[in-house]
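Residue numbers (my numbering), protein chains in the order written: chain A, 6 to 144; chain B, 6 to 144.
Here a beta-carbon is modelled for each residue, glycine too, at the ideal position from N, C-alpha and C.
Worksheet for the structure shown next.
Protein chains: 2
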Amino acid sequence: MKRVLLYGAAGGALIALLKLIEYKHFVHAYPAELYGGLLALIFTAVGVYVGLRWTRPKPAAAVPKHVPAEETLKGLGITPREYEILCLIAQGMSNREIGEKLFVSENTVKTHSSRLFDKMDVGRRVQAVQKARQLGLIP
Amino acid sequence: MKRVLLYGAAGGALIALLKLIEYKHFVHAYPAELYGGLLALIFTAVGVYVGLRWTRPKPAAAVPKHVPAEETLKGLGITPREYEILCLIAQGMSNREIGEKLFVSENTVKTHSSRLFDKMDVGRRVQAVQKARQLGLIP
DNA sequence: CCAAAAATCACCCGAACGGATGACGACGGC
DNA sequence: GCCGTCGTCATCCGTTCGGGTGATTTTTGG
Numbered sequence: 006m007k008r009v010l011l012y013g014a015a016g017g018a019l020i021a022l023l024k025l026i027e028y029k030h031f032v033h034a035y036p037a038e039l040y041g042g043l044l045a046l047i048f049t050a051v052g053v054y055v056g057l058r059w060t061r062p063k064p065a066a067a068v069p070k071h072v073p074a075e076e077t078l079k080g081l082g083i084t085p086r087e088y089e090i091l092c093l094i095a096q097g098m099s100n101r102e103i104g105e106k107l108f109v110s111e112n113t114v115k116t117h118s119s120r121l122f123d124k125m126d127v128g129r130r131v132q133a134v135q136k137a138r139q140l141g142l143i144p
Numbered sequence: 006m007k008r009v010l011l012y013g014a015a016g017g018a019l020i021a022l023l024k025l026i027e028y029k030h031f032v033h034a035y036p037a038e039l040y041g042g043l044l045a046l047i048f049t050a051v052g053v054y055v056g057l058r059w060t061r062p063k064p065a066a067a068v069p070k071h072v073p074a075e076e077t078l079k080g081l082g083i084t085p086r087e088y089e090i091l092c093l094i095a096q097g098m099s100n101r102e103i104g105e106k107l108f109v110s111e112n113t114v115k116t117h118s119s120r121l122f123d124k125m126d127v128g129r130r131v132q133a134v135q136k137a138r139q140l141g142l143i144p
């Protein structure tokens with residue numbers, strides 16, 4: 006709300022500045038580039054400022070404390086087998102290695118991990134590991 | 006060196022653009038503010054970019070609360086930039102996302118991560134994260 | 001100032017991964 | 001018996017990763 010108003014006000018001020026510059030331009034024909042460069046500098050500076058302003062604040066989200074793994078697992082609908090795959094993924098194993106360890110095909114591991122990522126709402130295995138750690142699923 | 010030249014060239018081009026705009030302004034009196042606003046937007050965008058680009062890399066990976074990591078890092082010959090990539094990998098980011106966050110190309114991120122894996126003696130990013138945690142490099 | 005280290009970027013290639021889909025057998029409840 | 005869940009496996013397709021090589025450009029330290 007306030008931000009929008011401020012933005013609008015700033016925009017208006019800038020437009021006014023522009024017109025003013027143009028008036029000057031009418032009077033003196035040559036220092037036009039100078040004013041142009043100045044304007045460029047100004048807007049660049051403004052850009053730097055707002056850019057920094059916009060991307061800086063990053064408050065960390067509070068994480069709920071210890072919830073027994075069992076609860077979380079069932080809450081997410083993660084099956085025992087999927088949890089098993091999750092643990093092995095967290096050990097840094099490839100799908101192939103997991104398949105060999107569990108005596109199943111790599112395709113099966115892929116299916117499990119896909120459903121796992123789906124249930125955990127992640128898209129990459131590293132994210133799955135990180136989230137599982139946050140959830141207390143793995144130490 | 007080259008960067009300065011490029012900057013100069015870009016500046017010249019922009020000045021030329023400005024003059025061109027001004028010519029248009031001579032012909033049509035009304036859409037002047039429009040062009041001005043456009044220019045403002047452009048320069049603001051440029052400002053955002055360069056601002057982020059030049060101020061980010063410095064405080065970017067000010068993550069580590071752990072000081073004992075310094076020892077391990079130097080012991081392994083891991084550079085600050087590589088450590089930065091390591092942290093972002095541990096957050097589950099893809100190489101592309103890391104590149105966008107750090108304003109470098111994906112190729113660069115790949116180079117860093119490759120050397121990182123080499124120094125950490127791992128072959129996959131999940132292993133790198135796990136090992137980094139074991140070494141106390143990341144919380 | 002110059003050499004070394006660090007950072008940047010590009011290209012290629014093969015492997016690994018993720019998503020979507022379909023299928024089949026086993027088990028357990030209702 | 002029937003339905004739902006689980007585990008298993010496959011195939012296709014596109015993306016991401018990891019490895020290798022080579023090059024240029026800061027940055028830094030002596």
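- Here DSSP, grouped into helix, strand and coil, assigns phenylalanine 108 (chain A) to coil.
- Inter-residue distance for glutamine 135 (chain A) and leucine 46 (chain B) is about 39 Å (C-alpha atoms, whole angstroms).
- Pairing asparagine 100 (chain B) with valine 109 (chain B) gives a Cβ-Cβ distance that is not under 8 Å.
- For arginine 130 (chain B), the enclosing alpha helix (DSSP H) starts and ends at 130 to 139.
- Think of a sphere of 7 Å around the beta carbon of serine 99 (chain B): the chain A residues whose beta carbon falls inside it are Arg129, in chain order.
- Collapsing the DSSP output to three states places threonine 84 (chain B) in coil.
- With a beta-carbon spacing of about 5 Å, isoleucine 94 (chain B) and arginine 130 (chain B) fall inside the 8 Å limit used to define contacts.
- Not flagged as an interface residue toward chain A: isoleucine 143 (chain B), since no C-beta distance is shorter than 8 Å.
- The Cβ of valine 109 (chain B) sits no closer than 8 Å to any Cβ of chain A.
- By the rule that beta-carbons nearer than 8 Å mark a contact, glutamine 96 (chain A) touches chain B.
- Threonine 77 (chain B) sits away from glycine 128 (chain B), with the two beta carbons spaced by 8 Å or more.
- Any Cβ of chain B closer than 8 Å to the Cβ of glutamine 135 (chain A) would place that residue at the interface, and such an atom is present.
- Restricting attention to B:Gln139, B:Arg138, B:Ser119 and B:Glu105, the CA atom closest to the CA of threonine 84 (chain B) is found in B:Ser119.
- Close to glutamine 139 (chain B), with beta-carbon spacing below 7 Å, lies no residue of chain A; the smallest spacing is near 11 Å.
- Residues Gly128 and Ala133 of the same chain have their beta carbon placed closer than 7 Å to that of phenylalanine 122 (chain B), with the five preceding and five following residues left out of the count.
- Nearest C-alpha to lysine 79 (chain A) among A:Arg138, A:Gln139 and A:Met125: A:Met125.
- By the Cβ neighbour-count rule, glutamate 87 (chain A) is buried, with 16 or more other Cβ atoms within 10 Å of its own.
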